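Peer 1: Chains as they are written, first to last, in the numbering used here: chain X, 91 to 316; chain L, 36 to 380. The C-beta atom is built at its ideal place from N, Cα and C for all residues, glycine as well. Bear in mind that the values here come from a model prediction, so they are computed numbers and not experimental data. First the structure, then my questions, so here it is.
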Amino acid sequence: MIIFDQVSKSYEGGHQALRELSFHLPKGEMRFLTGHSGAGKSTLLKLIMMMERPTSGQVIVNDRNLGKLPARRVPEVRRDIGVVFQNHQLLFDRSVFDNVALPLIIAGYGHRDVGRRVRAALDKVGLLDKERKNPMALSGGEQQRVGIARAVVNKPPLLLADEPTGNLDPELSAEIMHLFEQFNQVGVTVLIATHDISLIARMPYRLISLREGRLISAAGDNLGAR
Amino acid sequence: MSARKKNRQGAERRFSKLQAGTTERRRPAGAKQHRTDLRDRWESYRSHHGQVAADALKRLFKQPLATLMTSLVLAIAMALPMGLYVMLNNIEAVSQGWDGAARLSLYLKSDINDRAAQQLQSELKRRAEVLEARYISSEQALLEFREQSGLGDVLDQLDRNPLPALIVITPKPAYSSQQKVDALRLELEKLPQVDQLRLDMAWLQKLNQITEVSRRLAGVLAAMLAMGVLLIVGNTIKLAIESRRDEILVVKLVGGTNAFVRRPFLYSGFWFGLIGAVLAWSLLQACLIWLSGPVAGLSALYGSQFELLGLGFGNSILLILAGAGLGLLGALLVVGRELAAIEPR
């Protein structure tokens, strides 16, 4: 699903975020992306999302070589990726329903389809009764679940999460992680960036650990790369 | 488009596969399926456009005061050249009905005596084209000149009257167009008694020239104010984009194309232009109604049937289409550049 081959990324000003990073995340797997802040986690996710382009090396996502894609095809890449953000990036000028519906409307789904799929996604995260509310009126955990519903509503084969539990207490965090596991169980490839070591220690998934832009081995893990 | 569709179908297939478990169940790919899919997409595309258009309009009405101010500025910018145009149309209509503006002055040769001149006058009077022919003898001419010029002392020193006798002809209204007057002039010039002929249409010609100059000025003004409309709409849309920055970022993050992001702003520009044009039309209409009473009174005093010309249906449609088009164009000019600058980082 995701292949990084000798990927380096340096920003203007000389900061080298990733150094010749290679790994393979097979289809249907779930992994955690760990490392201290500044280790390159965000850069790695941004490369997958095409928010940035690598300085060198190749990124292949969902059988697409991102290096060869022109800017106008960026949207189609993003439609196949569900993203959950730490600050959830919800729009407060519209209801929960409309927030979740956004990816479907962008993809051009018909009116009835949108309603059906949005309710299915909201049901999945347990917020079906909140569809008419403004996300502002929801708690932090609920807002994050709206973000997750939006990320999965058009059933992307790949789900990325950037510190999805960053602002949540342990109980809510576990709940959110459980949701991700459920998506993984139906075949979605999941990559979660987090530095919440205590949370992932209890979960039986492999890690992709970064330090200063390089892949390092982590305890209980035989390296993500193959 | 086709790539996107293929994509979506691909994603759907993957998901139906996910839901069906591990066994891959291929959806039969038939032509019929394809067609309904296309029609569905077209339907949803259309309803999406309708929704975006309605949403853009709703947003404008959510800030009624700001919208009204912007639209009024646009309306004034559009009403000015259009009003000038209507005014010029009216001036032209009035001046077309003017007769007696053209006068022919036939200066007679010095050897023509009073009797011969008066005979010529009565001959001319009988012509079909001629409404009036007035004979002014050289003595009368000198008298008039003395009175009007105040050069009496100088004239006294002359040993003979330098002024020729003349016959002033006023053509009938039916013959007072430039062409017909010209034809008459050519004919009269050939008369043996006539030394020189002067066509006195200067006043009408000046008016026509002034109208033409004003028409061009109106054109220049229209072009400049159209630029103004573009800039006003452009700036308004720029602010709207800035205020919806977060939304644009999220839309781009979840795979919104540039066209999708652009659409609501283009509709906003369109609505601004349209509302401005309708307001401009109303302003002009109000002005015309306000003026029509006095104008009717004035033309009645002159015994004329003249009625104030309005915008007319064609020009009204043109104004509204041009307004909406300018709004759209103004939005189009800024939207590309502004939106390219907003990329998720």
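What does D106 (chain X) reach in chain L if we use C-beta pairs closer than 9 angstroms?
Peer 2: It is Gln, not Asp, that sits at residue 106 (chain X) in the sequence shown. Within 9 angstroms Cβ-Cβ: nothing; Q106 (chain X) doesn't reach chain L, min ~18 angstroms.
Peer 1: Where does K67 (chain L) land, buried or exposed, given buried means 16+ other C-beta within 10 angstroms?
Peer 2: Model confidence at K67 (chain L) stands at a pLDDT of 43, short of 50, so the residue's coordinates are unreliable; what they give is reported in the following sentence. Per the 10 Å Cβ criterion, exposed.
Peer 1: Compute the Euclidean distance between the alpha carbons of G360 (chain L) and L123 (chain L), then round it to the nearest angstrom.
Peer 2: 25 angstroms
Peer 1: Taking Cβ to Cβ, would you say I92 (chain X) is nearer than 8 angstroms to L249 (chain X)?
Peer 2: Cβ distance not < 8 angstroms, so I92 (chain X) and L249 (chain X) don't count as in contact.
Peer 1: Can you pull the chain X residues whose beta carbon is under 8 angstroms from the beta carbon of Y80 (chain L), in chain order?
Peer 2: G198, listed in chain order.
Peer 1: Count the C-beta pairs between the region 136-155 of chain X and the region 200-207 of chain X that are closer than 8 angstroms, then say yes if the count reaches three, no if not.
Peer 2: no
Peer 1: S299 (chain X) bridges to which residues according to DSSP?
Peer 2: X:T124 and X:I306
Peer 1: Do V264 (chain L) and L109 (chain L) have their C-beta atoms within less than 8 angstroms of each other?
Peer 2: In contact: V264 (chain L) and L109 (chain L) (Cβ atoms closer than 8 angstroms).
Peer 1: On the three-pair Cβ rule with 8 angstroms, is the region 148-160 of chain L touching the region 212-222 of chain L?
Peer 2: Flag = no, the region 148-160 of chain L and the region 212-222 of chain L do not touch.
Peer 1: Can you tell me whether H126 (chain X) is buried or exposed, with buried defined as 16 or more other CB within 10 angstroms of its CB?
Peer 2: exposed
Peer 1: Which residue wins for smallest C-alpha separation from F122 (chain X), given the options X:I150, X:R304, X:G303 and X:S299?
Peer 2: X:S299
Peer 1: Which same chain residues end up closer than 6 angstroms to F96 (chain L) when comparing Cβ atoms and leaving out the 5 residues on each side of it in sequence?
Peer 2: Same-chain partners within the cutoff: there are none.
Peer 1: If you draw a straight line from the alpha carbon of S100 (chain X) to that of V173 (chain X), how long is it in whole angstroms?
Peer 2: 23 angstroms
Peer 1: Keeping to the same chain, check which residues put their C-beta closer than 6 angstroms to that of G277 (chain X); ignore five residues upstream and five downstream.
Peer 2: Setting aside the 5 residues that flank it on each side, G277 (chain X) is surrounded in the same chain by G118, each with a C-beta closer than 6 angstroms to its C-beta; the list follows chain order.
Peer 1: Between T303 (chain L) and T102 (chain L), what straight-line distance do the alpha-carbon atoms span, to the nearest angstrom?
Peer 2: Residue identity differs from the one stated: residue 303 (chain L) is Ser in this sequence, not Thr. Roughly 11 angstroms between the two C-alpha positions.
Peer 1: With three or more C-beta pairs closer than 8 angstroms as the rule, is the region 186-195 of chain X touching the region 238-253 of chain X?
Peer 2: Inter-segment contact for the region 238-253 of chain X and the region 186-195 of chain X is present: three or more beta-carbon pairs are separated by less than 8 angstroms.
Peer 1: Taking Cβ positions, are L37 (chain X) and V167 (chain X) nearer each other than 8 angstroms?
Peer 2: Coverage of chain X is limited to positions 91 through 316, which leaves residue 37 (chain X) absent and any answer about it impossible.
Peer 1: Between P165 (chain X) and T292 (chain L), how many whole angstroms is the CB-CB distance? I'm expecting something under 8 angstroms.
Peer 2: 5 angstroms
Peer 1: Can you tell which of L:P116, L:G347 and L:L368 has the C-alpha that lies nearest to the C-alpha of V255 (chain L)?
Peer 2: L:P116
Peer 1: Determine the chain X residues that contact R250 (chain L) at a beta-carbon separation under 7 angstroms, and present them in chain order.
Peer 2: Against R250 (chain L), chain X offers no close residue; the least beta-carbon distance is about 46 angstroms (beta-carbon pairs closer than 7 angstroms).
Peer 1: Let me confirm a value: T57 (chain L) is counted as buried when at least 16 other C-beta atoms fall within 10 Å, else exposed. Which label applies?
Peer 2: For T57 (chain L), the pLDDT reaches just 38, beneath the cut-off of 50, and the residue's location in the model is therefore unreliable, although a value from the coordinates is still provided. With fewer than 16 other Cβ atoms from the protein chains shown falling within 10 Å of its own Cβ, T57 (chain L) counts as exposed.
Peer 1: For the alpha helix (DSSP H) that contains P193 (chain X), what are its first and last residues?
Peer 2: V186 to A197
Peer 1: Just checking, does the region 265-285 of chain L make contact with the region 361-371 of chain L on the three C-beta pairs under 8 angstroms criterion?
Peer 2: yes
Peer 1: Would you mind working out which of L:K215, L:I283 and L:A112 sits nearest R297 (chain L), comparing C-alpha positions?
Peer 2: L:I283
Peer 1: What does P379 (chain L) reach in chain X if we use C-beta pairs closer than 7 angstroms?
Peer 2: M141
Peer 1: Chain X beta carbons: is any one of them nearer than 8 angstroms to that of H83 (chain L)?
Peer 2: yes
Peer 1: Check whether the region 255-270 of chain X touches the region 97-112 of chain X, counting contact only when three or more Cβ pairs, one atom from each stretch, lie closer than 8 angstroms.
Peer 2: no
Peer 1: Can you give the Cα-Cα distance for F300 (chain L) and G130 (chain X), rounded to whole angstroms?
Peer 2: Roughly 36 angstroms between the two C-alpha positions.
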